[in-house]
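*Asks:*
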Amino acid sequence: EFQVPIVKLKKSNTVATIVWEIIKQFGFSAQQITEVVKLLDSNDNGANVFSATHRIIRNRNWLIIATLETENAKHIVVEKNDKKIDFQLGYLQFRLSGNTAVSIASDKNTAQLNTENLAYPLIIRPCKTGDYFYPLGMQKKKKLSKFFIDQKLSKTDKEKVWVIESNKKIVWVIGLRIDDRFKITPTTPQLLSIQFKAN
28 EFQVPIVKLK
38 KSNTVATIVW
48 EIIKQFGFSA
58 QQITEVVKLL
68 DSNDNGANVF
78 SATHRIIRNR
88 NWLIIATLET
98 ENAKHIVVEK
108 NDKKIDFQLG
118 YLQFRLSGNT
128 AVSIASDKNT
138 AQLNTENLAY
148 PLIIRPCKTG
158 DYFYPLGMQK
168 KKKLSKFFID
178 QKLSKTDKEK
188 VWVIESNKKI
198 VWVIGLRIDD
208 RFKITPTTPQ
218 LLSIQFKAN
């Protein structure tokens with residue numbers, strides 16, 4: 028992923044020439060220079076221009092050049108005895124333990140879940156339009172799209188978000204927040220710790 032500062036680019040007297048020097052290496056044609064230059068003045072965050080292999084996205088004060096995802100992401104099934112699962116972003120380690128002298132993990136890449144509320148198999152999958160969950164500490168549901176805005180995620184960051192679900196309920200937005208319905212309490216008999224390690 029490449030980031031081009033819009034303000035700096037617009038100060039140039041030869042914007043079109045510089046744009047062409049940047050975009051030609053990513054499969055864009057000379058005919059697309061005008062489209063890319065228009066992105067510089069666009070108020071539409073998330074506006075795109077595509078080549079066969081890449082796209083250019085307007086994201087606040089930046090143009091982001093990112094590769095196109097060519098593979099459809101798969102849903103990965105997790106059984107109760109699984110200890111490690113590899114997926115597109117890295118891998119997840121699973122560990123069951125009793126709730127004795129547990130210290131709550133503050134690391135966003137670690138989820139601690141109440142096994143009483145979990146139903147196997149768990150599913151690891153990319154987030155999709157319409158997904159919602161109950162963010163830890165909240166009693167009301169929130170759409171992931173609104174949660175991402177609160178977290179100030181860029182368009183490409185949003186597209187890299189995966190979730191773990193149990194019985195069609197999201198239990199963890201991986202690397203961001205667990206669902207309040209699956210939090211551990213002092214009476215939780217057994218918890219599942221999941222640790223995410225990125226590629």
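Quick note on numbering: the sequence shown equals residues 28 to 226 in the working numbering.
We treat Cβ as the ideally placed atom computed from N, Cα and C, and that holds for glycine.
Just so we're clear, the structure is a prediction, and the values are computed from it rather than from any experiment.
1) Excluding the five sequence neighbours on either side, which residues of its own chain have a C-beta within less than 8 Å of the C-beta of residue 147, listed in chain order?
2) Excluding the five sequence neighbours on either side, which residues of its own chain have a C-beta within less than 6 Å of the C-beta of residue 202, listed in chain order?
3) So, with DSSP's three-state summary, where would you put residue 142?
4) What's the gap between the Cα of residue 53 and the Cα of residue 155?
5) Taking only three categories from DSSP, how would you classify residue 79?
6) Go through its chain and collect everything with a Cβ distance to residue 49's Cβ below 7 Å, but skip five positions before and after it.
7) To the nearest angstrom, how far is it from the Cα of residue 181 to the Cα of residue 47?
8) State yes or no: is the C-beta of residue 150 within less than 9 Å of the C-beta of residue 81?
9) Short of 7 Å in beta carbon distance, which residues of its chain neighbour residue 62, apart from the five on each side in sequence? Order them along the chain.
10) Per DSSP, what are the beta-bridge partners of residue 85 in this structure?
*Replies:* Reading off the structure:
1) 105, 106, 107, 193
2) 135, 136, 223
3) helix
4) 27 Å
5) coil
6) 31
7) 24 Å
8) no
9) 76
10) 90
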